[in-house]
Structure formats: C-alpha cells, structure tokens
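J.: Right, I'll just put the structure down here and ask away after.
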Amino acid sequence: MDISRKLSFYKREMGRQKEHSSLSPALIALRDHYSARLLFDDHPVLLREKSEPAADINSQIDLKIVSRGEFDRPVALERCLFFDLETSGLMGGSGVYAFLIGFAWWAEGRIHIRQYFLPDFGREPLLFLKLDPWFKSFDYLVSFNGKSFDLPVLNSRFLMNRLDLHLKKLKHIDLIHPVRRVWKDSLPSCDLQSLELHLLERRRDNDIPGAFIPQVYFDFLQTGRIQDIIRVIDHNDTDLGSLIFILDKLNRIFDDSRALALDIAARARVARIIAGQKPVPLQAFKILESSGQEPESAEYLYWKSMALKRAGKAEQAHTLWQKLQRYPVFTFRVMEESAKYLEHNLRKNGEALKIVEQALHLMEIQREFGYRPEKIYADFLRRKKRLLQKS
Amino acid sequence: MNLDQLIDYLANDSGFQQRLSKWVTLAPRPARYAPFPENLHLAIVQSLKKKGIKQLYTHQAAAFETVSRGEHVVVVTPTASGKTLAYNLPVFNTLMHDPEARALYLFPTKALSQDQLKEIEDLKGKLQLRTKAYTFDGDTPADIRRTIRTAGNLVVTNPDMLHQGILPHHTLWIKLFENLKYVIIDELHMYRGVFGSHVANLIARLKRLCAFYGSSPRFIMSSATIHNPGELAHNIIGDKVTLIDENGAPAGEKHFLMYNPPVVNAELGLRRGVVNEVKQITRKIVPTGAQIIIFARSRMRVELIVTYLQDIAGELGLRKDQIRGYRGGFLPKERRRIEQGLKNGEIRIVVSTNALELGIDIGQLDVAILAGYPGSIASAWQQSGRAGRRRHTALTIMVASSAPLDQYLMEKPEFFFGKNPETAYVDRENLPILMSHLKCAAFELPFKEDEEFVPHATAHLLDFLASERVLRKAEGQYFWMSDIYPADEVGLRNSTQENVVIVDTTRQNKVIGEMDMFGAQEMLHSEAIYIHNGVPYFVDKLEWDELKAYVHRVDADHYTDAITKVDIKVLDVLEEQKEPRYKKMLTEVAVTRAVTGYKKIKFKSHENIGFGRVYLPELEMQTTALMLQFPREVLEKNGLKESEISEGLKSIAYALRHLAPLFIICDVSDIAIFSVVRDPFARDPVIYIYDKYQGGIGLSKKLYAREGLLLAAAREHIAGCVCTHGCPACIGPTLEHDENARETALRILNAMELKT
C-alpha cells in the first residue's frame with residue numbers, strides 16, 4: 000500500500016473519531032460561557048435563555064395607521080413572538096441552514112430571550128418537534144425583513160425535515176415595511192443597526208458584520224473555536240432586543256402621553272401616511288403636533304392639507320394652501336387646489352380666476368428662466384378658459 | 000413565380016444544373032393514422048374531433064399508449080409532424096382526471112418555451128380545461144412567480160432556469176414536486192456534448208428531488224432524427240426508455256439540392272467561395288418573391304453574408320433592413336423584432352447561425368440555403384425543415400464549402416441521404432461537470448451516506464468535497480457547508496460561466512451584446528474588427544479584468560482573424576496501444592491557449608493586408624486527447640526529413656480534424672488538433688486530437704477506438720482530391736504550407752501501413 004492510500008485510511012479513522020464525540024469541548028465551553036443548557040443527549044442543541052426587566056413598554060400595540068390598515072386591531076404584545084435567524088448563507092435557497100434560531104417575547108414587564116444554537120448540521124428534527132407546541136401560545140410572529148428572508152428559510156427547513164409546524168399559521172408582522180414608511184427620509188439606511196443608533200441610541204460593541212456570519216459558523220465546525228460564535232450569538236441577542244424596542248417606537252408615534260421619536264422628516268412621512276387612510280384619522284395630527292417643538296415642514300403641512308381636504312374640511316385646508324404658496328415645491332400644486340376650492344366649493348369664479356392668472360403669471364416668469372412646467376401650465380390654461388366662459 | 004415554378008426554372012437552368020452534385024427529390028409521404036386510444040378521455044376525443052382531428056397519427060397514438068403503460072418514451076419526429084400533440088395528450092388526459100397534476104416542460108431555449116406556451120394555450124382552449132400554464136424564465140416578474148409555484152399545472156421553462164431558479168428553491172415548489180406526473184423534454188438531440196452532459200446531471204438532480212417529495216414522473220421526449228435517439232434518451236434520464244421512431248405524419252415533396260461551387264483554380268483545387276456563391280443563388284431566387292433563410296456556420300460568416308447581401312440590396316429591389324442577421328450575441332429584444340419581421344413578411348432574407356434551427360416560430364419560409372455543410376446531418380435536415388414547413392413542396396440548397404467534410408459529402412452524397420450514422424454522446428462522468436452538479440445537488444438536499452448520484456463513485460466524490468470543506472459530514476449525511484449558491488457558479492451551455500460585455504462607446508456606452516471568454520479572445524481582442532449585425536466595429540480595448548470590450552463604429556475595408564497559440568502538456572496516459580507502425584494513446588492533457596496576434600484580411604479579395612500583436616492571458620483547460628505517435632525512425636527509414644515531417648503532420652492534422660465528425664458526432668469546433676515534430680513527452684512526431692472542453696467530453700475517447708478508420712479516410716481523401724498541391728478541401732490552404740506538403744502527408748500515411 001502506498002503512502003497516499005495509507006494516508007486516506009488514516010484520515011478516515013480520524014474522521015470517525017471526531018464524529019463519535021457529539022458533545023465536543025467547544026460546545027461545553029459555549030454552554031459554560033452563557034450558563035446555558037444542552038438539550039437532547041445524542042444530538043445536542045444549546046439553549047441560551049435570559050430575561051431582563053422592561054417595564055417601560057406598552058402592552059397593547061396599535062399598528063393600524065403605520066401598517067396602513069394591514070393590522071387594524073390592537074395587538075397584545077404578549078401574543079407576539081419575535082424571531083431572528085443566523086444562517087449558513089445569505090442568498091436563500093434550500094441549502095441554507097439556520098444554525099442559530101433566536102426568539103424573544105415580552106411578558107409581565109420582562110423581555111425573555113431564547114436562542115437555540117445548533118452546533119452541527121442535522122440537528123433540526125428534535126428541536127423543531129419540541130418547539131412546535133410552544134408556538135401555539137402566540138398569535139403573531141414579528142421579524143425584521145423576515146418576510147423575504149428568515150421565514151422562507153425557516154419554512155424551507157421545516158419542509159426539508161418533512162414537518163408542518165404551527166409557526167406557519169401565525170400572522171407575520173415584518174417591521175421593515177412600517178419602519179421604512181416612517182423613517183425612510185430620516186436615516187441614511189433603514190437597517191437594524193442604524194435604527195438602533197438613531198432611534199434607540201444604542202451602540203453595538205464588537206459586533207460582527209452579518210456578511211461574515213456564515214464563515215464564522217463553518218470555521219467553528221472545523222476548528223471548534225468559540226470566540227466568533229459568541230459574537231454571533233450576542234449579535235442575534237441584540238437584534239432580538241432591538242426588535243421589541245423598535246416595535247414599541249412605532250407604537251408610540253400616536254401615544255400622546257410620551258415624547259415622540261419623530262424628527263421633522265419622519266413627521267412629514269407620517270402625515271403622508273395619515274392622508275392616505277380611510278377614514279382620515281384627523282385626531283392623529285393633534286397628537287403629532289402636541290409634542291412637536293419645532294415648526295412643521297412644508298411637506299408636513301401639505302399632506303395635512305390633503306388629509307383635511309379628504310376629510311371634508313376644505314376650509315381649513317384652504318388656509319394651509321394659502322400659507323404653502325410661499326414654498327416653491329408646492330406653489331402651483333396648492334394654487335391649483337385653491338382654485339378648485341374657490342370654483343367648485345365656494346363658487347367664487349372671480350377669485351378663482353385671480354389665482355389662476357397669478358399662477359400663470361408666475362409660470363411665465365419662470366419660463367423665462369428656462370423652467371417649463373408644461374403639464375400643469377396647460378392645466379391652468381384650460382382652467383382659465385373655463386372660468387372665463389363661466390363669467 | 001411560386002415555388003414549383005422556381006424549381007422548374009432551376010431544373011432548366013443548365014449553368015445551375017452543372018454545379019449540382021446531386022438533386023434529390025424526396026417523394027411525398029402519405030399520413031398513417033391510428034384510432035383514438037381507448038383510455039383517452041372522451042371529452043378530449045370529442046373536442047379533437049370538433050376541431051377536425053378525426054384520428055391520431057400512428058406515432059401520437061403509440062406515444063400515448065406507451066406512456067399509459069407507465070413507460071418513459073422518446074418520439075423521433077421531424078419538424079411539423081404533430082409532436083406537440085404527441086406529448087400533450089398524456090398530460091391533458093391526466094389533467095382531466097386529476098386537476099392537481101403537474102407537468103414540467105423543458106425546451107432548450109427561452110425563445111422556444113415562449114413559443115410552445117402558445118401551442119399549449121391553444122390546446123387548452125380547445126379542451127376547455129381550466130388548467131394553468133405558465134412560462135417560467137428570467138423575465139418572469141416576481142409577483143407572477145409566486146402564482147406559478149403554487150398554481151401552475153404546466154410549467155414551461157428551460158434547463159438553465161430549472162438549474163438556477165427551480166431546483167435550488169425546491170421548497171417553494173412543493174406543489175410542483177409533489178404532483179409532478181410528466182416531464183417533457185423537447186429537442187432532445189440538442190442535449191449532447193457539454194450541454195447534454197450538464198442536462199443529464201440536471202435530470203439526475205430533478206429525479207432526486209422528486210423522490211424526496213414522493214413523485215416519480217414519466218419522461219416524454221422528442222428528438223430529431225439521429226442515429227441513437229433511444230440511447231441518448233436513456234443517458235439523459237438515466238432510465239429505460241421506449242423508442243417510437245415510426246412517424247405517421249404526412250410530408251410534402253422535398254427537393255434537396257447539393258450544390259458544389261465551380262473550381263476556379265484547378266491547380267490549387269480552389270472553388271468559388273460559399274459566400275459569393277450564396278450571393279449569386281440568392282440573386283436568382285429573390286425575384287420570385289420567396290422568403291429565404293440562409294444558414295451559416297459561424298457568427299462571423301453570418302455577418303459577412305449580411306454585409307454582402309446588404310451591399311446589393313438595391314439591385315435586389317430590397318431595403319437594407321429587409322435583410323437581417325440572427326445569431327447569438329444579440330439582445331433578446333432585437334431577436335424578438337427579427338422573429339416578428341419574419342413572421343409578418345417584412346424581412347425577406349434572414350441569415351442565421353443554427354440559432355434559428357430550432358423550432359422558434361418564424362412562420363413559413365420558402366427556401367433554405369445552407370451556406371456550407373452545417374457539420375452534422377441532423378442539423379442539415381433541421382435547417383432544411385425551415386423551408387416550406389406547412390407547404391407541400393420544399394426547397395433546400397446546400398452549398399458546399401471547400402472544407403474537407405463538405406467535399407467528402409459532395410463526393411459521396413449517399414452518405415448524407417442514407418440512414419443517419421450520427422451518434423449523439425453525453426458523458427455523465429465528465430468530472431468538472433459532475434462535480435458542479437454534485438455540489439448543486441448537495442445544496443438542494445443533503446446526501447445520505449449510501450446514496451448514489453453516479454454509479455460507483457458517489458461516496459468518493461462526496462468524501463473529496465468534504466475534505467475540501469465544501470460539504471460537511473454529520474449524522475450520516477453530507478451537508479452543504481458554504482455560503483455560495485452553487486448553481487450560480489456553473490452555466491449549462493459553456494465551460495466558462497463568465498461573459499465579456501460589448502460596449503459601444505459611440506452610443507453612450509450602450510451594451511450591444513456579450514460573448515463567452517474563449518470567443519471574446521478571438522473576436523474582441525484590442526484592435527479587432529468586430530462585426531455586429533453587418534456593422535463593423537473597431538475594438539478600442541478589451542478590458543480583460545473587467546470583462547468588457549469597448550468598441551466604436553468604423554468603416555472598415557477589412558476584418559481580422561485571430562492567431563491562436565496552443566501548448567499541450569501530457570498529465571497522464573489512460574490507455575495506449577501499439578499498432579504495427581504507429582502508436583496511439585488516450586491521454587489526460589493540459590492545453591493552454593492564447594490569442595497572440597491577428598491578421599487583417601481585406602473584404603472580398605481576402606488578401607492578407609497586415610498583422611498585429613495581442614497581449615492576453617492564457618486560458619488553460621484540462622481535457623482528454625487522442626495522441627497519435629509516428630515514430631521518427633519509421634519516417635526516416637522512408638526518407639522523410641524533419642522539415643518535411645513538420646509540414647506533413649500539419650497537413651494530416653488538418654484533414655483529421657475536418658473528417659473526424661464523420662465518425663464521432665460533434666461539431667468541428669468541439670475538437671481541436673495540434674501537431675508537433677518533437678513532442679517533449681513522446682519524443683517523436685505527434686498529433687494530438689483533443690476535446691475542446693474542460694474535463695473532456697468523451698469525443699477523443701470515442702476516436703481512440705476508431706483512429707484507424709479516420710487515418711484511412713484521411714489518406715483516401717487526400718489522395719483523391721482534385722487539386723495538385725493541396726487545397727483547403729484536403730490539407731489546408733496552399734498559402735500556409737509548402738508545395739510538397741500534400742505528397743509528404745501521403746508519404747507519412749503510407750509509411751504507417753494502415754489497414755483499409
């Protein structure tokens with residue numbers, strides 16, 4: 000037998016030895032680091048549990064406005080299961096393995112976190128079966144970007160193990176959509192880290208970038224070194240905690256008893272969301288304004304005016320339109336609204352005509368500077384013609 | 000003038016007649032019918048009858064009955080013989096009983112699947128079924144994808160999409176996999192060589208997932224006429240297949256003309272060029288108002304013919320835009336426009352590579368002109384089938400080039416019209432291809448320890464991947480352990496996945512096309528004249544690292560032809576055998592290729608008007624090669640000097656390369672040949688014939704068993720050529736070798752004492 004064949008036998012022996020010891024020193028070290036538990040004797044999975052007080056959180060969640068009606072009834076926070084995965088790949092597909100499955104929930108003034116770390120492949124079946132009955136104590140699943148990533152991965156894992164779990168039946172609240180709706184213009188990016196930094200004022204130390212996580216797991220499998228896996232578990236832990244606080248931030252937007260987390264750009268976006276609701280929840284503006292210290296932006300006022308108009312309060316809207324004429328972005332839009340209001344609601348054709356002529360005059364001046372608002376210009380011309388015929 | 004009149008006219012044109020080496024008229028064939036099978040659903044029978052289909056063709060009925068018995072089937076059908084119904088009947092019959100049933104349709108190209116969906120919709124309408132059929136390809140919008148996954152009964156797609164979009168996401172397609180009853184594979188003969196080897200592996204992946212979901216679909220395949228459709232089908236799906244090759248569809252009269260351009264220089268054996276000859280023939284035909292399709296062998300050839308024809312557009316009474324090229328490297332939108340133009344008759348002449356050989360619906364054309372033998376008999380018949388599809392009479396003119404293969408067929412037309420000897424070959428075990436798919440398969444579903452993906456070797460390969468840390472063995476299974484998406488790492492169509500993008504700097508850096516890396520080195524090197532749809536472009540720079548070629552439009556009077564440098568290193572000898580006077584070896588080799596320069600060739604006169612240098616990195620490939628070793632002492636004993644041997648080997652190599660496709664089925668471009676007088680490995684004069692694909696594709700292996708026949712054919716062909724000192728039809732262009740080369744080649748071959 001030549002040496003290379005001997006070597007391959009030798010290697011095979013080594014491999015076999017490694018496989019026998021499912022309870023590796025690395026796993027024990029990890030358990031001790033977190034004072035965690037090991038579940039299942041033959042195919043161990045690490046369970047890390049913790050809980051911390053968080054009394055300052057609303058136990059009722061009302062997402063009616065920010066979800067644009069998708070969740071139109073208040074939700075009891077206790078019925079929400081927050082989840083976040085760390086996986087062996089970031090591109091999706093059935094070869095992606097969720098090696099860390101983290102859950103969080105809130106009960107009686109405390110945040111509870113449970114993280115299941117799978118120290119090798121093929122550890123899912125027992126864990127999934129154990130978790131399934133527990134899922135029944137929740138009605139909602141809350142994630143950040145879980146609709147397009149985490150949940151499909153988890154569903155795929157269930158299927159690969161031929162399991163049909165209750166988790167799939169829970170309603171899913173993916174925070175990324177309402178968060179973007181509100182803070183898109185306020186933050187450079189709407190990922191979890193910037194939200195934490197700007198909304199929760201939390202800064203992460205020694206955080207591991209998400210892109211490195213798959214390789215960390217592979218290195219752990221190969222070497223058993225736990226330093227970086229600890230960083231991943233901590234990263235997941237932070238993510239889970241942030242989820243709850245971000246949901247709380249969203250929830251507090253219309254909670255007049257506390258200070259708001261909205262800057263001027265976010266307030267304008269919220270105004271826009273409100274204007275799009277049916278029926279228009281006008282009282283929401285009162286709440287927004289009750290805590291605002293700075294004057295509202297033109298954009299805010301514009302969306303408020305549109306909300307007022309839709310709610311049948313054209314007279315109040317008209318006051319805003321007159322004010323907004325000074326803001327170039329809105330000048331012609333609000334002049335058009337005013338003209339419509341004067342013509343159709345008040346039947347003051349003369350006044351309407353005056354506004355139309357004023358707008359046309361302004362546009363002609365602008366045209367000399369090369370600005371060509373062709374469509375709206377034509378609209379105004381048409382309006383002028385009609386008004387002239389009427390009078 | 001209609002087609003029949005044109006045929007009469009040609010028959011009476013004595014000048015034209017002189018150049019024909021064969022005019023074959025294939026008699027019309029009457030239809031053969033079979034009654035509707037008993038277990039065919041009554042509703043289907045009734046609606047077929049209502050649409051005027053009173054009985055089935057024999058092959059349609061046979062296919063239905065075979066599938067009903069639970070067998071896999073391959074139906075051999077020429078174009079327009081009702082194959083759509085042949086594979087749709089079983090599918091729709093099942094759907095009548097089981098509305099949840101699913102079927103997967105695979106067509107080799109995206110364009111074809113778009114086309115076939117129309118046919119399926121039509122049949123669906125006739126049967127008034129509420130079945131949902133969709134195409135699923137790269138253009139399918141995300142919101143529709145969800146519907147297709149859950150509700151699509153018939154999913155029409157292509158192998159590439161199955162490979163990258165469906166199998167790796169199989170958990171989203173659970174409905175499809177659980178209820179998959181049929182897999183339809185159309186144009187099976189396309190799946191040979193590299194593509195075929197990929198598809199055979201892909202089907203193995205598909206079957207593996209079906210087994211996981213508890214389904215076991217029947218495969219219904221259709222193929223053009225080749226020698227071994229049954230064997231090919233068996234190799235592709237890895238299971239027993241029933242062959243149905245009795246075709247019941249009627250066929251109209253078919254005229255197939257073999258046209259050999261006149262010899263213009265008897266001494267050099269030079270014939271008039273195909274391009275010019277095609278131009279003349281086209282000139283003759285255009286006034287009849289016929290719509291013409293011209294097939295050319297290469298993209299370059301397509302562009303040349305388009306340029307030449309557009310030059311005489313005025314004389315032909317056509318606008319330039321009525322003459323169009325069609326080939327790979329065009330963007331999909333442009334292709335759709337051309338297909339549309341053909342269908343509505345706006346485009347009168349289309350010049351195409353084999354891209355239009357497949358069943359893309361371009362309506363009925365009148366005449367097919369094959370500018371040169373397309374390289375395989377199956378291909379020639381498919382191209383010919385483009386003319387007169389739905390008419391009674393069809394006309395095809397095959398214009399021979401000076402290439403050895405063309406001339407061989409002109410000498411022996413019976414070889415062409417006899418039973419097709421062409422064998423399609425796939426190699427499930429090409430290592431690079433197999434490895435790619437093994438990785439994809441492991442990504443899709445962990446491998447069990449004792450699972451078999453390919454016979455015998457699966458466990459070894461999995462262990463290897465585990466030792467490379469691509470897989471991890473745990474709990475008796477092999478798990479995917481990488482954060483890459485393996486299906487993205489491999490394309491099914493060529494050995495290199497990456498493409499070079501062609502950027503036109505004269506039009507705001509518009510991307511006008513793309514090309515694979517090997518092709519790009521030869522056609523898009525800096526300073527090349529690249530011709531795209533008849534328009535010449537000058538390549539300012541080929542940015543190899545960025546895979547971008549920047550071009551601008553020019554008015555060029557010449558084109559460029561790349562000079563490629565090749566080097567071969569033998570890595571391993573797999574088999575060897577001594578013949579009386581020479582030795583053959585089957586070897587594993589490393590081939591390095593690099594484009595080092597280019598020639599400038601003047602349009603029309605084809606003069607060589609200059610050279611240039613090119614600096615590009617070598618591309619390396621590991622492949623298998625047949626090595627023919629001609630012992631120096633035998634040659635010297637026959638009075639051959641070293642300089643003569645070099646010339647002679649080059650000449651023989653040329654003939655061998657061009658005649659090889661007669662014995663193994665491949666394109667001339669699938670193999671490459673290389674000769675060297677002092678081979679560092681054999682220390683003798685040597686000719687290598689190697690597979691031009693990473694890992695080899697089994698061609699040289701097949702040739703290893705038939706090298707005697709090939710050498711004998713080469714000797715016969717060189718000896719029988721009409722030229723005096725060697726010509727492109729036998730040993731290559733005269734300019735490239737000295738004047739005794741032909742004789743030297745024959746002396747070497749004679750010295751080998753070949754059996755005949």
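If you read the sequences in order, they're chains E and F.
For the first sequence, the positions run 0 to 390 when numbering that gives the first Met the number 0 is used.
For the second sequence, the positions run 0 to 755 when numbering that gives the first Met the number 0 is used.
Glycine is no exception: its CB is placed at the ideal position from the N, C-alpha and C atoms.
Are the region 264-280 of chain E and the region 291-306 of chain E in contact at 8 angstroms, needing three or more beta carbon pairs?
T.: Touching, yes, given that three or more Cβ pairs across the two stretches are closer than 8 angstroms.
J.: Exposed or buried, F/D426, counting other C-beta atoms within 10 Å across all chains shown (16 or more means buried)?
T.: Your numbering for residue 426 of chain F matches position 427 in the second sequence. It counts as buried.
J.: Quick one: measure Cβ to Cβ for E/L174 and E/L246, integer angstroms, because I've assumed they're closer than 8 angstroms.
T.: Numbered from 1 along the first sequence, position 175 holds the residue referred to as residue 174 of chain E. Numbered from 1 along the first sequence, position 247 holds the residue referred to as residue 246 of chain E. Their Cβ separation, rounded to whole angstroms, is 6 angstroms, which keeps E/L174 and E/L246 in contact under 8 angstroms.
J.: Just confirm the distance between the C-beta atoms of F/L105 and F/I183, as a whole number of angstroms; I'd bet it's less than 8 angstroms.
T.: For the purposes of this step, residue 105 of chain F is taken as the residue at position 106 of the second sequence. For the purposes of this step, residue 183 of chain F is taken as the residue at position 184 of the second sequence. Correct: roughly 7 angstroms between the Cβ atoms.
J.: Following the continuous alpha helix (DSSP H) through F/W543, name the residue where it begins and the one where it ends.
T.: Translated into the one-based positions of the second sequence, residue 543 of chain F becomes position 544. Unbroken run through F/W543: none, as it is neither H nor E.
J.: Measuring only between beta-carbons, confirm whether F/R148 sits less than 7 angstroms from chain E.
T.: Along the second sequence, read from residue 1 onward, the residue named residue 148 of chain F stands at position 149. So, not an interface residue.
J.: In the DSSP output, what is F/Y32 paired with across the bridge?
T.: Locating residue 32 of chain F in the second sequence gives position 33, counting from the first residue. In the DSSP output, where bridge partners are listed per residue, F/Y32 has F/Y56.
J.: To the nearest angstrom, report how far apart E/D41 and E/G121 are at their CA atoms.
T.: Numbered from 1 along the first sequence, position 42 holds the residue referred to as residue 41 of chain E. Numbered from 1 along the first sequence, position 122 holds the residue referred to as residue 121 of chain E. Distance between the alpha carbons of E/D41 and E/G121: 12 angstroms.
J.: By the criterion of Cβ-Cβ separation under 9 angstroms, what are the contact partners of F/P167 in chain E?
T.: Sequence index remark: in the second sequence, residue 167 of chain F carries index 168 (1-based). Residues of chain E passing the Cβ test: G91, G92, S93, G94.
J.: Please determine, among F/A589, F/L648, F/V553, F/L128, the residue with the shortest C-alpha to C-alpha distance to F/Q621.
T.: Taking the second sequence and counting its residues from 1, one reaches residue 621 of chain F at position 622. Nearest of F/A589, F/L648, F/V553, F/L128 to F/Q621, Cα basis: F/A589.
J.: Between F/S297 and the rest of its own chain, which residues show a CB-CB distance below 8 angstroms, the 5 nearest in sequence each way excluded?
T.: Numbered from its first residue, the second sequence carries residue 297 of chain F at position 298. If we look at F/S297 and ignore the five residues flanking it on each side, its Cβ neighbours are T352.
J.: Residues in the same chain with beta-carbon distance under 8 angstroms from E/D131, minus the five sequence neighbours each way, listed in chain order, please.
T.: Indexing the first sequence from 1 puts residue 131 of chain E at position 132. Excluding positions up to five away in sequence, the list reads L162, L164, H165, L166.
J.: Give every residue of the same chain whose Cβ lies closer than 6 angstroms to the Cβ of F/T24, excluding the five residues on either side of it in the sequence, and list them in chain order.
T.: Working through the second sequence from its first residue, we reach residue 24 of chain F at position 25. Answer for F/T24: H254, listed in chain order.
J.: Pick helix, strand or coil for F/A711, following the three-state DSSP scheme.
T.: Position 712 of the second sequence, counted from the first residue, corresponds to residue 711 of chain F. Helix, per DSSP.
J.: Which residues, in chain order, does the region 138-158 of chain E contribute to contact with chain F at a C-beta distance below 8 angstroms?
T.: Under the 8 angstroms Cβ criterion, the region 138-158 of chain E contributes P151, N154, S155, L158.
J.: Thinking C-alpha only, which one of E/Q315, E/F219, E/A313 is nearest E/P24?
T.: Locating residue 24 of chain E in the first sequence gives position 25, where the first residue counts as 1. Here the closest residue by C-alpha is E/F219.
J.: Which first and last residues belong to the beta strand (DSSP E) in which F/M95 is found?
T.: The residue you call residue 95 of chain F lines up with position 96 of the second sequence. Note, F/M95: premise wrong, no beta strand (DSSP E); alpha helix (DSSP H) at 82-96.
J.: CB-CB under 8 angstroms to F/I6, same chain, minus the five flanking residues each way: which ones, in chain order?
T.: Within the second sequence, residue 6 of chain F is the residue found at index 7, counting from 1. The answer, listed in chain order, is H254, T392, L394.
J.: Mind checking who F/F218 pairs with in its DSSP beta bridge?
T.: Translated into positions along the second sequence, residue 218 of chain F becomes position 219. F/F218 pairs with F/V182.
J.: For F/W172, decide whether its Cβ has a neighbour in chain E, counting only Cβ atoms nearer than 7 angstroms.
T.: Here the question's residue 172 of chain F lines up with position 173 in the second sequence. Cβ-Cβ to chain E under 7 angstroms: no for F/W172.
J.: Check whether chain F comes within 7 angstroms of E/S256, counting only Cβ atoms and requiring the distance to be less than that.
T.: Within the first sequence, numbered from 1, the residue matching residue 256 of chain E stands at position 257. Because the pLDDT at E/S256 is just 49, under 50, the model does not fix this residue reliably, and the point stays unresolved.
J.: At a Cβ threshold of 7 angstroms, is E/P213 touching chain F?
T.: As a first step, residue 213 of chain E is located in the first sequence; it is residue number 214 there, counting from the start. Cβ-Cβ to chain F under 7 angstroms: yes for E/P213.
J.: Would you mind telling me which residues of chain E sit closer than 8 angstroms to F/M480, beta carbon to beta carbon, in chain order?
T.: Position 481 of the second sequence, counted from the first residue, corresponds to residue 480 of chain F. Here the neighbours are S87, F120, F217, L220.
J.: Per DSSP, which residues does F/W479 bridge with? Please list them.
T.: As a working note, residue 479 of chain F is residue 480 in the second sequence. According to DSSP, F/W479 bridges with F/L470.
J.: What number of angstroms, rounded off, separates the C-alpha of F/L756 from the C-alpha of F/A671?
T.: Residue 756 of chain F cannot be examined here, being either before or after the span of chain F that is shown, 0 to 755.
J.: Can you look up E/P52 in the DSSP assignment and give me helix, strand or coil?
T.: Reading the first sequence from its first residue, position 53 is the one you call residue 52 of chain E. Looking at E/P52 - three-state DSSP - the assignment turns out to be strand.
J.: F/E646: buried (16+ other C-beta within 10 angstroms of its C-beta) or exposed?
T.: On the second sequence, position 647 is the one that residue 646 of chain F refers to. F/E646 comes out buried.
J.: In this structure, does DSSP put F/T76 in helix, strand or coil?
T.: The sequence position of residue 76 of chain F within the second sequence is 77, counting from 1. In this structure, F/T76 counts as coil in the three-state DSSP scheme.
J.: Suppose you measure from the CA of F/L470 to the CA of F/D142; what does that come to, to the nearest Å?
T.: Position 471 of the second sequence holds residue 470 of chain F. Position 143 of the second sequence holds residue 142 of chain F. About 34 angstroms.
J.: Quick one: using the 10 Å Cβ neighbour count with 16 as the cut-off for buried, is F/V510 buried or exposed?
T.: Against the second sequence, residue 510 of chain F aligns to sequence position 511. Burial call: exposed.
J.: Where F/P36 and F/W543 are concerned, what is the direct C-alpha to C-alpha distance, given to the nearest angstrom?
T.: Position 37 of the second sequence holds residue 36 of chain F. Position 544 of the second sequence holds residue 543 of chain F. If I take the Cα positions, the gap works out to 60 angstroms.
J.: On the DSSP bridge assignment, give the partners of E/Y139 in chain order.
T.: Looking up residue 139 of chain E in the first sequence gives position 140. Answer is E/C79, E/K170, bridged to E/Y139.
J.: Taking all protein chains shown into account, decide if E/S256 is buried (16 or more other Cβ within 10 angstroms of its Cβ) or exposed.
T.: Numbered from its first residue, the first sequence carries residue 256 of chain E at position 257. Caution applies to E/S256, whose pLDDT of 49 falls short of 50 and renders its modelled position unreliable; the value that the coordinates give is listed next. When all chains shown are included, E/S256 counts as exposed.
J.: When DSSP labels each residue in this structure, what does F/R631 get in the three-state scheme?
T.: The count along the second sequence starts at 1 and reaches residue 631 of chain F at position 632. Here F/R631 sits in helix by DSSP.
J.: Would you report the Cα separation of E/P280 and E/N348, rounded to the nearest angstrom?
T.: Taking the first residue of the first sequence as 1, we reach residue 280 of chain E at position 281. Taking the first residue of the first sequence as 1, we reach residue 348 of chain E at position 349. Looking at the two C-alpha atoms, the distance is approximately 32 angstroms.
J.: What does the alpha-carbon distance come out to for the pair F/M810 and F/S214?
T.: It is not possible to answer for residue 810 of chain F, since the shown part of chain F is limited to 0 through 755.
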